[in-house]
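**Q** Numbering (my numbering), first residue to last: 73 to 202. Would you mind keeping the following structure in view while I ask a few things?
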Amino acid sequence: NLPTATASTAGRPAAASPEELPARAEWSLPGDLGRRYGAVSGDRNPIHLYPLTARLFGFPRAIAHGMWTAARCLAETQDPAAVRTVRIDFRAPVLLPATVTYAADAAGDAFALRGPGDRVHLVGAVTRKG
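Dropping the structure here:
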């Protein structure tokens, strides 16, 4: 069975706030990340490609794909085969290029992606089987 995504908050255990989670890694995201991810995913939305095309939609620069940021965070979780559900709340776009901080509890069950000034880009949590 594949993990499922859900936006539900019912039955969710209390977790640390995104600002309280300890930093685990810092990632440098290149300006062409949106084009590279778009090439493999087929998602060539103009907001992800170039600063010029992103500006047409109100962004000062290209932004990272939400699915890329979520997947990159999930790649850090411990024992991924035991994941039953995934919840991701997108809070703010990641303008490219960027340096972001992955923050999480010890197992990666509760996590966040933060930018400069501790701006929270996404918050996520997984539940485990059994």
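From the three backbone atoms N, C-alpha and C, an ideal C-beta is built for every residue, glycine too. These numbers were taken from a predicted model, which means no experiment stands behind them.
Consult DSSP for ARG163 and reduce its assignment to one of helix, strand or coil.
**A** Note: ARG163 maps to coil in three-state DSSP.
**Q** To the nearest whole angstrom, what separates the beta carbons of LEU203 and PRO118, a pair I think is in contact under 8 Å?
**A** For residue 203 there is no data in the structure shown, the boundaries of the chain being 73 and 202.
**Q** Return yes when the Cβ of LEU168 is within less than 8 Å of the Cβ of ARG134, no when it is not.
**A** Correcting the residue type first, residue 134 is Ala in the shown sequence and not Arg. Cβ distance < 8 Å, so ALA134 and LEU168 count as in contact.
**Q** Roughly how many angstroms separate the alpha carbons of GLY196 and ARG159, rounded to a whole number?
**A** Near 5 Å, if we compare the C-alpha coordinates of ARG159 and GLY196.
**Q** Label GLY180 either buried or exposed according to how many other C-beta atoms from any shown protein chain fall within 10 Å of its C-beta, with 16 as the threshold for buried.
**A** The residue in question, GLY180, is buried, as its Cβ has 16 or more Cβ neighbours within 10 Å.
**Q** Are the Cβ atoms of LEU93 and ALA176 separated by less than 8 Å?
**A** Yes. Within cutoff.
**Q** Could you give the C-beta distance for ALA170 and GLY187, rounded to a whole number, given that I count them as a contact under 8 Å?
**A** With 8 Å as the limit, ALA170 and GLY187 qualify as a contact, their Cβ atoms being about 6 Å apart.
**Q** When you compare each of GLY130, THR141 and GLY110 to LEU185 by their alpha carbons, which one comes out closest?
**A** Closest option to LEU185, Cα to Cα, is THR141.
**Q** My output table needs one value for HIS193: the three-state DSSP class, helix, strand or coil.
**A** Of the three classes helix, strand and coil, the one that applies to HIS193 here is strand, per DSSP.
**Q** Can you tell me where the beta strand (DSSP E) holding LEU101 begins and where it ends?
**A** From DSSP, the beta strand (DSSP E) with LEU101 extends over 95–101.
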